[in-house]
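Line by line, the protein sequences give chains A and B. The C-terminal residue of the first sequence carries number 314 in my numbering, and the numbering is unbroken. The C-terminal residue of the second sequence carries number 898 in my numbering, and the numbering is unbroken. Just so it is clear, CB atoms sit at the ideal spot from N, CA and C, and this is done for glycine as well. Note that this is a predicted model, so its numbers are computed, not measured.
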Amino acid sequence: MQYHTATSYENAVELAEAAQGTIRFLAGGTDVLVQLRAEIVTPDVLIDIKQIPGAADIQCLADGSWQIGAAVSGAQLDEHGTLKANWPGVVEAMNLIGSTQVQGRATLTGNLCNGSPAADSVPAMLAANASVTIIGPDGQRQVPVKDIPSGPGKTTLKSGEVIASVNLPAQSASGADAYLRFIPRTEMDIAVVGCAVSLELDGPKIAKARVAIGAVAPTVRLVESAAEGLIGSTLDDAALAALASAVRDACDPINDKRGTIEYRTHVAGVLAQRAAKIAYQRARSKS
Amino acid sequence: MALDEPKTTDFKYVGTRPDRPDGFDKVTGRAKFGADMSAPGMLHAAILRSPHAHARILSIDTSEAEAMKGVKAVVTRADFSKNVPFESGLSGEFWNILENVMAGEKALYDGHAVAAVAATSALDARDALKLIKVDYEVLPHVTDVDAAMASGAPVLRKGAADSSVPEGLHPNVVRYHESGHGDVEAGFTAADLVIEDSFVTEATHQGYIEPHACLATLGSDGKGELWCTTQGHWHAQKVCAALLDLETSQLRVTASEIGGGFGGKTTVFIEPVALALARKANRSVKLVMNRSEVFRATGPTSSTSMDIKIGMTKDGKITAAKGVFCLQGGAFPGAPCDESAMCAFAPYNLENVLQVGYDVMSNRPKQAAYRAPGSPMAAFAVESVIDELCKKLNLDPIDIRLKNAAHTGSKSSFGPRFDAIGLVETLEAAKAHPHYSAPLKPGQGRGISCGFWFNHGGETAVSLALSEDGTAQISVGTPDIGGSRASMALMAAEELGIPYDHIRCTIADTATLGYNEISHGSRVTYASGLATIKAARDAVEKLCKRAAAKWGIPEEAVKWQDGFAVPSGPNAGDFDPIPLKDLTADMGATGGPIVGHFEASPEGAGVSFATHLVDAEVDPETGKTEILRYTVVQDAGKAIHPTYVEGQYQGGAAQGIGWALNEEYIYGDDGRLQNAGFLDYRIPLASDLPMIDTVIIEVPNPGHPYGVRGVGETSICPPLAAIANAVSAASGVRLRQLPMSPPRIVAALKNQSNG
């Protein structure tokens, strides 16, 4: 096994292109190292990207949008007051992952690249309409987060490509988001169901909405029909019922050790309603 | 064993709460656990395990692995004893253990060991496993207890059933138990209400944090050394010697510090394998399990399927009780169906009772003891039915338990009459506790349950040596799994009359003391404690003899009082008391070293009862349960170190909460374990638990000099039922299957609303 410390994203790409066998980029390592120890994936080449200048930086750009470096940890997001006030759902989703120790290492980018349908931060990023900056052999490109996952453990990233940052749009003055997951214990579990809702209000009415669900399909899903049902409503009982119904229709889960098809589908609707209420409350309290 | 009246009052050291002697080592990392020992030139070992639930092993080709650089030895079943006879039931336990630690003709479960490698590095050993070629013929498998008993189920092994099993049962049923008294049918006729119901529990693992680990050395001269994490190193010595054709005394076994056992370290899994590799390589071999191996190939508890029928009059008298307990114990005999049956109705004084147990084999790992083996599941089923009867008849659950409670002198459900017991006292204390009358909010429910465990004595040897400076060292043979070194030192301090911190208690190796049974059956504070007291009294007798010689008076004229030899009365003479340290200072010149010792198999362990109260809240939309409040009331006989007694109470409740709500072995259709890790085998986290309140009841056990009863196991008997009763009260639906995971609760609520 070879271990490289990349000095820039371009350098990381060069190292990846030159490598033979199984390659893994290493940021926090909270998935890669676990998989290595469990002999699930034994990489031939590890390329550490966390020393790259800027990789651990959170930047607010002039237009109010955010650029979160690939090696920014969950703990850093939690301690960033402005970002947390802008995108509380994204930060709370990231902060649900693992333990306090894991939070010191784990990254949004890693959570996305691991490709798990149950990844906590990914529904929140989808609902927030986040994108990623990818650097690869053919240069740089911007891709919506929703286009990255392609199946359990799989992404649309091409060979040699590395994500440099997660980009969150500027939050609207009347917008807020929320993320909830269901786990059987109080912490340390993988989501049985996850749901993120991002809303933008016009007075008491919902003007824009995005709803995303996790752990109920082969990939995290954006549920556009659920969002459409919310727009124009004040999140009244009828809108909540329609939301649960649309979310349940969008579920395509499996039976496994963490839950049944029936249970996951049912709880997805419950969580969508609860997350929507929190996001709505957060947005209302801004005005 | 005849004993004087227990001393139950006027203690100076017993009942205090000093720091544990092993605490400093454990918090500073100095303590040596199973994996912390090394030897010069040591090799590292790894075990190849079957990926199949049931398969015939057609051939094993180890040649490539043996040829790999760094590999020093490869062993298969051929490297173990050929002189261990196969016998039915538990008579063939050595064979059962041998077959479990290294598969013979068949792999019997997912994770069954089939070969092992020792190499110069742990990575090399692991890589070498991939070079071993095993040719399997995959066979049909069965992992469910009811399915394993049904006609047509795959037969694991013919001839395993012992003579207790009635004709006509499936060969996977290997032991049968039936006991009780009276006429249950007549009793049911006399009842105003009879409830009959079925219950299912899944297998759970003890979940000790320290994986099994050992360091083995064994030369061609047949002399060996074994360091391992175990609850019983004499047992390990005996079993390993049998499995490797060694003379028992030539294998010296030392127990490491132990990172939890709870019954799961009462047998051997890897030790004979490490010894076989060490013998073949002629080098020391270290073998450490990973967590996945612990789940797949050590001993979880049994899964169960149970049918309970209880009759009650309108005013709450139980007229008859019947239980059938089917326990799946993995691919070998030994599931504690007899304990389930005998514990099930033990809290009740019944005229008519019948209990039947079936020990059933399936393609799962060989079950091992887990805290009061068999009792918690039986209590879950029985106490759920009693709860339902109380609800339907509108009776208070504590009053009804008091009305039917077993008491001193009553005939037990399993036969003998009870000696002094404290069940009634636990129920009265629970009823008087503020917890029982605290208001509940909507969506919350309260549950109560009683629980019972026998406790055990067993072979015990203790030695107590005095030092010249007047301090004492105790050698005991029972690994310390619950703070027992502190308890031993307290009891010795009480007898010798010297301070607690002047005494060091050590877990001796197998070469140092006579045979000591495993630390199991909640026996250590009882049996090693009794032996420590007796060894101390033996030393005191010798001290008195030295004082008598100094004074020139008969031995009988000297007595021991609070650390001093004193004349026994005015007629004995007028001498200044001599402190212990003055007698030990010149003991070399007055007759030699002073050592007290005691060896026996004490039989007065004294049974123990508990009553638990629990409040739970259930989210009806997600089925998630929160445990809001928990109170343990249990009879300890005498709490030597109350903090560690409370710790046992809390630990049993915490493990019970996990078992009740989330812990389970999940097998796929392929017979493979789906959740062999702490990520998906969900033990409770600190944040899942409320502060667990404890009440220590002390009804002295006449079989111990201070009245001690074991406390380690009874604490896990009531939680499953108490929590099930609380969850049922909170959710409005009776849960008859464990764990009561959120999907099961939501499904039960849906079924109920669908009528």
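B:G235 to B:G473 span [Cα, whole Å]: 16 Å
With a threshold of 7 Å on Cβ separation, who are the neighbours of B:H284 within its own chain once the five nearest residues in sequence on each side are excluded? A196, H197, P297, N506 and G814
Considering only DSSP beta bridges, list what A:N194 is partnered with. A:Q94 and A:S158
Distance check for A:V224 and A:D264, CA to CA, integer angstroms please. 17 Å
So is B:L828 in contact with chain A if we call contact Cβ pairs under 7 Å? yes
What is the rounded straight-line gap between the Cα of B:V525 and the Cα of B:G442? 25 Å
Strictly under 7 Å for the Cβ-Cβ distance: is A:P70 near chain B by that measure? no
Using a Cβ cut-off of 8 Å, pull out every chain B residue sitting near A:K284, in sequence order please. I809, Q817, N818 and D823
Quick check on the burial criterion: 16 or more other C-beta atoms within 10 angstroms. Buried or exposed for A:P70? buried
When you compare only the Cα positions, how much space is there between B:A796 and B:T569? 16 Å
Among all the DSSP beta bridges, which residues are the ones paired with B:H324? B:V496
Cα separation between A:T287 and B:R887? 10 Å
Of the listed residues B:I809, B:H378 and B:P559, nearest to B:F597 (C-alpha basis): B:P559
Please state the DSSP three-state secondary structure of B:G799. helix
Since B:M449 sits in a beta bridge, which residues does DSSP pair it with? B:F342 and B:F468
Within the stretch 758-819 of chain B, note down every full alpha helix (DSSP H) run reaching 4 residues or more, in order along the chain. 785-804
Any beta carbon of chain B sitting closer than 7 Å to that of A:M28? no
For A:H293, which residues in chain B fall below 7 Å Cβ to Cβ? V889
Could you name the residues of the same chain whose beta carbon sits closer than 6 Å to that of A:G91, not counting the 5 residues immediately before and after it, in chain order? A197
Under a Cβ-count criterion, where at least 16 other Cβ atoms within 10 Å of its own Cβ denotes burial, should B:Y501 be classed as buried or exposed? buried
Could you work out which residues of chain B lie near A:T57, taking near to mean beta carbons separated by less than 8 Å? In chain order: nothing, as chain B lies at least about 12 Å away.
Quick one: what's B:H187 bridged to in DSSP? B:A262 and B:K429
What's the C-alpha gap between B:H376 and B:T397? 7 Å
Hey, A:A98 and A:A83: beta-carbon distance below 7 Å or not? yes
Hey, is A:R132's beta-carbon within less than 7 Å of any beta-carbon in chain B? no
Based on Cα-Cα distance, which residue from B:I835, B:V788 and B:G875 lies nearest to B:Q895? B:G875
Can you check whether the C-beta of B:T444 is within less than 7 Å of a C-beta belonging to chain A? no
Within the continuous alpha helix (DSSP H) that includes A:Q130, where are the two ends? T127 to Q130
By DSSP, does B:M485 sit in helix, in strand, or in coil? helix
Checking contacts by CB at 7 Å: is B:T765 closer than that to chain A? yes
Comparing C-alpha positions only, which one of B:Q393, B:V217, B:A522 and B:V503 sits nearest to B:K423? B:V217
Please classify B:C371: does DSSP put it in a helix, a strand, or coil? strand
Can you pull out the residues from the stretch 117-131 of chain A whose beta carbon lies closer than 9 Å to at least one beta carbon of chain B? none
Can A:L257 and A:L153 be called in contact, C-beta distance under 7 Å? no
B:I541 - containing alpha helix (DSSP H), residue span: P540 to N547
So with CB distances below 9 Å, who are the chain A contacts of B:S610? What B:S610 touches in chain A: nothing, since even the nearest Cβ is about 45 Å away.
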